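Asks: Sending over a structure as structure tokens; questions will come in a sec.
Residue numbers (our numbering): 404 to 548.
What follows is the structure, given as structure tokens:
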């Protein structure tokens with residue numbers, strides 16, 4: 404079956420590269436998290452050490468799944484593949500479940516304050532929602548197939 408795509412505008416490519424860089428930063432953060440050294444743990448507050456230790460193992464699977472599916476979604480978007488959209492949806496779902504568990508099972512907001520605890524997770528979710536919108540917009544415009 405032949406697949407015909409419309410030419411994507413320049414801004415699409417710029418934004419798609421930024422989405423790729425964002426995905427790479429997420430994977431790097433995940434890697435640093437799962438390879439935390441004893442020296443790095445010693446630099447953390449006791450509260451942060453306990454918070455990291457209290458996470459169940461499946462939490463890291465959600466984290467890894469969220470960042471890797473986001474990165475693969477960005478690669479798919481640059482390849483103009485229709486698989487970008489479901490990968491971005493999966494990424495956002497995993498991130499929302501992960502942060503939902505995290506905030507529902509810890510007192511981090513009370514300890515660190517709402518902005519310090521929730522600011523970056525809200526930004527992550529907003530960017531995830533934007534990625535979904537962008538991939539859907541690109542599909543509707545015929546830039547991906």
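We put the beta carbon where it would ideally sit given N, CA and C, even for glycine.
From a predicted model like this one, the values you see are computed outputs, not experimental measurements.
For the alpha helix (DSSP H) that residue 447 lies in, which residues bound it at each end?
Replies: Segment: none, residue 447 is in no alpha helix (DSSP H) and carries neither H nor E.
Asks: Rounded to whole angstroms, what's the CA-CA distance from residue 534 to residue 453? Just pull it up for me.
Replies: 33 Å
Asks: For residue 500 and residue 408, what's the separation of their Cα atoms in angstroms?
Replies: 35 Å
Asks: Return the residue from the list 461, 440, 495 and 457 that minimises the CA-CA distance to residue 475.
Replies: 495
Asks: Quick check on the burial criterion: 16 or more other C-beta atoms within 10 angstroms. Buried or exposed for residue 470?
Replies: Residue 470 is buried by the Cβ-count criterion.
Asks: Once DSSP output is grouped into helix, strand and coil, what is the label at residue 510?
Replies: The answer is coil: DSSP assigns residue 510 none of H, G, I, E or B.
Asks: Determine the DSSP secondary structure at residue 548, reduced to helix, strand or coil.
Replies: Note: residue 548 maps to coil in three-state DSSP.
Asks: Please confirm if the stretch 481–490 is in contact with the stretch 505–520, defined as three or more CB-CB distances below 8 Å between the two stretches.
Replies: no
Asks: Terminal residues of the continuous alpha helix (DSSP H) containing residue 431?
Replies: 413–437
Asks: Alpha carbon to alpha carbon, how far is residue 488 from residue 540? Give it in angstroms, no decimals.
Replies: 10 Å
Asks: For residue 515, tell me which candidate among 451, 497 and 546 has the shortest Cα-Cα distance.
Replies: 451
Asks: Quick one: complete alpha helix (DSSP H) runs, 4+ long, within the stretch 453–511?
Replies: 460–481 and 487–507
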